[in-house]
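Number 351 in the numbering used here belongs to position 248 of the sequence shown; there are no gaps in the numbering.
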Amino acid sequence: MSNRPDALINPSINILNWSEFPNALTQLYVTLFTSDETFSLISIRHKQESTRKRKAIHDHNRIDGPTPTFFLGNVQDFAAIKRISISIRNWTQQFGRIYGYFEGHTPVLVVSDPHLLHQIFREHFSKFHSRRQFPLEDRSARIGVHLFSATGSEWHRQRNIIQSAFSPSKMKRMIPSINDCLGDLMTKLDESIRTEPNGFDIYKLYKSLTMDVIWRCCFGIRTNMQNDPNNAFFIRAQQVFARENSTYLTTLLGIFIPELQPCWLSLHSWTNTIKSKLRQLLPFGERFIADDPNEWLKEHVEECIGQALNSSDEPDLLHLMLHATRTTSNSTDQ
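Dropping the structure here:
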């Protein structure tokens, strides 16, 4: 396979030249009622040949990869295997260290060449520092943007703050908390060996250990989720990644039709608002109508932050980050 890695790191080479695309064959008009007083008409051009054209651009730059289908791209391959990492591994073995695939009609470039990655992260880091945005993120937001979503100077500011919290001396302060969690794991392993001598699924124990360490070391919360499988924090964290989660559908829509991302974001917000009101107004609403696990976790994390602001210094990441934020702010003021 012959690749064009120079096109990946040279900003003068435009891999995706959108001006090359022809006029749309059809138009899809979507009417969105955004508020009580606002009625806006959003017109998008739905390109029936966009997948084929963008695949042609990949071919023109000698970027190999699996053949996409219209609208879905290569998502059906992920659905068949059910794990994206396995699909990526299989494609890497088949197409090499540089190839492309499609999520809907959005091209994705996969690079696993060490030499090229070194150039990207060291010599061209200013162009590749930001993560891709989640389909349901408000890309116009200026307040409350977290590190995974931040770009440019905002990402650099947050990264400087969090970097000081990850010094070796400060991370060592978390070792006692990690040891406590590992002690609970060893106790659960002994119980599992006694009760299930023919074998047991250790994956469940690792999941609860991971979440226990995260909540202990990040927020200083003793959840006891390794001994309580019905722990609310543990259940909500699993629900975030469940396909039954209402967010799953709107996420897929955001992947397949990213041009309507504001619509899917509004739909997701309205759905959560309606469900929240129904849970409050209807008898037994909280029992039969599930809330959004993402919002539930956000509310409780905000409570943790509020408590941390008024509490003494603890060896968890939240307190370290708050301290680093104050230090950075004072340095900036000076």
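All C-beta atoms in this analysis are idealised placements derived from N, C-alpha and C, irrespective of residue type, glycine included.
Going along the chain, which residues of its own chain have a beta-carbon closer than 6 Å to the beta-carbon of residue i, five neighbours each way excluded?
i	result
Ser280	Arg319 and Cys320
Ser267	Ala427
Phe359	Gly207
Could you give the distance in angstroms between the alpha-carbon of residue i and the alpha-carbon of residue j?
i	j	result
Tyr211	Phe205	Just to set this straight, residue 211 is Val in the shown sequence, not Tyr. Cα to Cα, Val211 sits roughly 6 Å from Phe205.
Ile201	Leu220	11 Å
Arg262	Val404	20 Å
Glu299	Leu292	10 Å
Thr209	Phe181	15 Å
Gln410	Lys401	14 Å
Thr374	Glu294	43 Å
Ala345	Asp395	12 Å
Ser369	Arg382	20 Å
Ile223	Gly199	18 Å
Ala253	Ser372	21 Å
Arg260	Val248	12 Å
Ser414	Lys275	21 Å
For the candidate residues the options, whose alpha-carbon lies nearest to that of residue i?
i	options	result
Lys380	Ser369, Ala393 and Leu368	Ala393
Arg234	Ile360, Gln329 and Phe251	Phe251
Tyr306	Arg297, Gln329, Phe322 and Ser369	Gln329
Gly176	Ile184, Gly203 and Ser188	Gly203
Glu362	Gly207, Ile189, Ile184 and Ile187	Gly207
Lys230	Lys378, Gly357 and Trp258	Trp258
Starting from the C-beta of residue i, find all residues in its chain whose C-beta is less than 8 Å away, skip the five residues before and the five after it, and write them out in chain order.
i	result
Glu417	Gly323 and Ala411
Thr326	Met314, Asp315, Trp318, Arg319, Asn334, Phe336 and Phe337
Met71	Any answer about residue 71 is impossible in this case: the structure gives the chain only from 104 up to 437.
Can you find the residues in the same chain that come closer than 7 Å, C-beta to C-beta, to residue i, ignoring five residues on each side of it along the sequence?
i	result
Glu240	Ser252
Measuring CB atoms only, is the segment 282-297 touching the segment 263-271, in the sense that at least three cross pairs come out at less than 8 Å? In the pairwise beta carbon analysis, the segment 282-297 is classified as not touching the segment 263-271: fewer than three pairs are separated by under 8 Å.
State whether the segment 324-344 contacts the segment 304-312, with contact taken as three or more CB pairs (one from each stretch) at a distance under 8 Å. Because the criterion of three Cβ pairs below 8 Å is met, the segment 324-344 and the segment 304-312 touch.
Evaluate the contact criterion for the segment 185-202 versus the segment 213-229: three or more CB pairs, one atom per stretch, below 8 Å. Judged by Cβ distances under 8 Å, the segment 185-202 makes contact with the segment 213-229, as three or more pairs qualify.
Return the chain-ordered ranges of every beta strand (DSSP E) run that is complete within the segment 205-285 and spans a minimum of 3 residues. Within the segment 205-285, the complete beta strand (DSSP E) runs of at least 3 residues are 209-214.
What are the complete alpha helix (DSSP H) segments, minimum 4 residues, inside the segment 339-368? Within the segment 339-368, the complete alpha helix (DSSP H) runs of at least 4 residues fall at 349-359.
Can you list, in chain order, the stretches of the alpha helix (DSSP H) that have 4 or more residues and sit fully within the segment 381-425? Fully contained in the segment 381-425 are the following alpha helix (DSSP H) runs of length 4 or more, in chain order: 388-391 and 396-412.
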